[in-house]
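Novice:
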């Protein structure tokens, strides 16, 4: 056996050892960072603001579903009277979706990030959503 072939094998093994050490170092760094940032995220995030949603009597007899983001708030045949729902804000950005169960027509609406009063009306087959600031509740 040649002395050069032993040197090449030795260099190859040293290179693999250094590479393995580098991989372990990177894994340890990522684990440390993930545990450090996880503690900060564990705090429950709360948002100020309330959404007052009023469904007018123009929906009387219609079967509708009302969603806030991906949460179902209401899925029923509407009564003859106005229906009011109050929801605390639970996400940074919120979308109100009103779905006509008979036609599966969806009406989406981006809500104010500070909370608001929302009035939902129906005229013919069109659903109208009127949003007012939460301060105008005292009218």
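Numbering (the working numbering), first residue to last: 11 to 149.
From the three backbone atoms N, C-alpha and C, an ideal C-beta is built for every residue, glycine too.
Keep in mind the model is a prediction, meaning the values are calculated, not measured.
By Cβ distance below 7 Å, which residues in the same chain neighbour residue 20 in space, the five residues on each side in sequence not counted?
Specialist: So no residue of the chain qualifies.
Novice: Report the residue from 138, 126, 133 and 127 whose alpha carbon sits nearest the alpha carbon of residue 108.
Specialist: Residue 108 has its Cα closest to that of 138, out of 138, 126, 133 and 127.
Novice: Does the contact criterion of 3 or more C-beta pairs under 8 Å hold for the segment 114-122 versus the segment 90-98?
Specialist: No contact exists between the segment 114-122 and the segment 90-98.
Novice: Name the residue from 27, 67 and 72 whose alpha carbon lies nearest to the alpha carbon of residue 86.
Specialist: With distances taken between Cα atoms, residue 86 lies closest to 72.
Novice: Using the Cα positions of residue 80 and residue 47, report the straight-line distance between them to the nearest angstrom.
Specialist: Straight-line Cα distance between these residues: approximately 27 Å.
Novice: What does the alpha-carbon distance come out to for the pair residue 40 and residue 98?
Specialist: Whole-angstrom Cα-Cα distance: 37 Å.
Novice: Under three-state DSSP, which class holds residue 60?
Specialist: In this structure, residue 60 counts as strand in the three-state DSSP scheme.
Novice: With a cut-off of 8 Å, do at least 3 Cβ pairs link the segment 127-134 to the segment 53-64?
Specialist: The answer is yes - the segment 53-64 touches the segment 127-134, with three or more Cβ pairs under 8 Å.
Novice: Does residue 74 pass the burial test, meaning 16 or more other C-beta atoms within 10 Å, or should it be called exposed?
Specialist: Residue 74 comes out buried.
Novice: Should residue 69 be labelled buried (16 or more other beta-carbon atoms within 10 Å of its own) or exposed?
Specialist: Buried, because 16 or more other Cβ atoms sit within 10 Å of the Cβ of residue 69.
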